[in-house]
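Beneath this line is the structure, given in structure tokens, with notes to follow.
Now the structure itself:
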């Protein structure tokens, strides 16, 4: 089943959840702040994003800015960056939707991309 890591205070996450419901796509919603994606899920998303670490980060978030990741991320090893994401759900670009069995790896909500992957 599709896992949707989301934050209730995020309008983009709410839009993604609403879209999934409108299209009758079953999913399990998980609070991303309390339960970030696992290391394995992050690695799968990274592979789906062609190894682009920045694509997994919530670059507009306060945690990203306060940790100075704009300057640090380019020199970080992938394992170090993924560990940081797995420990702090605020750093993860959301919504984060994954179903490894169906090869679905989506983060951020772009309706056309979700439509192509899920319908």
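Residue numbers (this note's numbering): 118 to 236.
Heads up, the beta-carbon is just placed ideally off N, CA and C, and yes, glycines get one too.
In this text the structure is predicted, and so the values were computed from the model without any measurement.
Contact under 7 angstroms by Cβ, residue i with residue j
| i | j | result |
| --- | --- | --- |
| residue 124 | residue 166 | no |
| residue 229 | residue 223 | no |
| residue 180 | residue 207 | yes |
| residue 148 | residue 212 | no |
| residue 170 | residue 198 | yes |
Straight-line gap, residue i to residue j (C-alpha atoms, nearest Å)
| i | j | result |
| --- | --- | --- |
| residue 232 | residue 183 | 34 angstroms |
| residue 137 | residue 159 | 21 angstroms |
| residue 177 | residue 118 | 29 angstroms |
| residue 163 | residue 126 | 25 angstroms |
| residue 152 | residue 187 | 24 angstroms |
| residue 161 | residue 155 | 10 angstroms |
| residue 175 | residue 227 | 15 angstroms |
| residue 120 | residue 145 | 5 angstroms |
| residue 210 | residue 236 | 23 angstroms |
| residue 234 | residue 217 | 12 angstroms |
| residue 157 | residue 172 | 16 angstroms |
| residue 168 | residue 122 | 20 angstroms |
| residue 205 | residue 185 | 15 angstroms |
| residue 196 | residue 225 | 22 angstroms |
| residue 131 | residue 201 | 25 angstroms |
| residue 128 | residue 135 | 10 angstroms |
Contact test: residue i Cβ vs the ligand ATP heavy atom, cutoff 6 angstroms
| i | result |
| --- | --- |
| residue 200 | Annotation note on the ligand ATP: not contained in the displayed structure, which lists no ligands. |
**OP:** Could you say if the stretch 129 to 144 and the stretch 185 to 200 meet the contact criterion of at least three C-beta pairs nearer than 8 angstroms?
**Re:** Touching, no.
**OP:** Please specify which runs of the beta strand (DSSP E), each continuous and at least 3 residues long, are wholly inside the stretch 139 to 193, giving them in chain order.
**Re:** DSSP runs (the beta strand (DSSP E)) wholly in the stretch 139 to 193: 144 to 148.
Original post:
Residue ranges of each beta strand (DSSP E) run of no fewer than 3 residues wholly in the stretch 191 to 224, ordered along the chain?
Top reply: Entirely contained in the stretch 191 to 224, the beta strand (DSSP E) runs reaching 3 residues are, in chain order, 213 to 216, 221 to 224.
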